[in-house]
Amino acid sequence: MSIEKIVFDKEYEGPVDAFVDWIAGGNFDGYLYKTSLRFTQAESKVVLTTKIIDQSKFDDRNAHDQDAVGTFSVTDKSAIVCQFGDFEMRGSVVGKEHEFIAFSCWRNKDRANAYSTVYKLTEG
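Quick note: the sequence shown uses the UniProt record's numbering, first residue 1, plus one each step.
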């Protein structure tokens, strides 16, 4: 893959996800959030935006939207590597129109606990 398959200065939308803590004998405590990515070719910058979409069942009630600014590179194996401090995402552009990026994600170089997610280029 070449860097040309990445669309710059447009949003790649991630899935709706949840932070959940089962407390006090099984009570749900958590919130829902949605993430997005935006790549900027200048300085090889990537922004991971997290938007809280519901925290009505979150006891702490102080989850907030945030932006994590990181860098990205393209490896000789055609992978996109995004780094945000101790958090890393390694992915590949896929789809007929190159509209998806499928990632493996992990913290602290702990690939044994990696998870997968997909981001889709937004229309327009």
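By construction, the Cβ of each residue, glycine as well, lies at the ideal position given by its N, Cα and C atoms.
*Label residue 119 either buried or exposed according to how many other C-beta atoms from any shown protein chain fall within 10 Å of its C-beta, with 16 as the threshold for buried.*
Flag for residue 119 reads buried.
*What is the rounded straight-line gap between the Cα of residue 88 and the Cα of residue 24?*
Looking at the two C-alpha atoms, the distance is approximately 33 Å.
*Which residues in the same chain have their Cβ closer than 7 Å to the Cβ of residue 84, if we skip the five residues on either side of it in sequence?*
Listed in chain order, the non-local C-beta contacts of residue 84 below 7 Å within the same chain comprise 48, 68, 70, local neighbours out to five positions each way being set aside.
*Could you tell me which of 39, 22, 27 sits nearest to residue 12, measuring between CA atoms?*
Minimum Cα distance to residue 12 is reached at 39.
_Does residue 53 pass the burial test, meaning 16 or more other C-beta atoms within 10 Å, or should it be called exposed?_
That one is exposed.
_Which residues does DSSP list as the beta-bridge partners of residue 52?_
Residue 52 is bridged to 33.
_Which of the three DSSP states is assigned to residue 186 in this structure?_
The structure shown does not extend to residue 186, since the chain is modelled only from 1 to 124, so the question has no answer here.
_Using the three-state DSSP reduction, which class does residue 1 fall into: helix, strand or coil?_
Residue placement at residue 1 is flagged as unreliable, the pLDDT there being 41, under the threshold of 50; a coordinate-derived value is accordingly withheld.
*Check the DSSP bridge columns for residue 114 and list the partner residues they point to.*
For residue 114, which the question treats as bridged, DSSP gives no partner whatsoever.
*Among all the DSSP beta bridges, which residues are the ones paired with residue 91?*
Assignment of beta-bridge partners to residue 91 by DSSP yields 80, 103.
_Spatial neighbours of residue 86 within its chain, please: C-beta separation below 6 Å, excluding the five flanking residues on both sides._
Hits under 6 Å: 107, 108.
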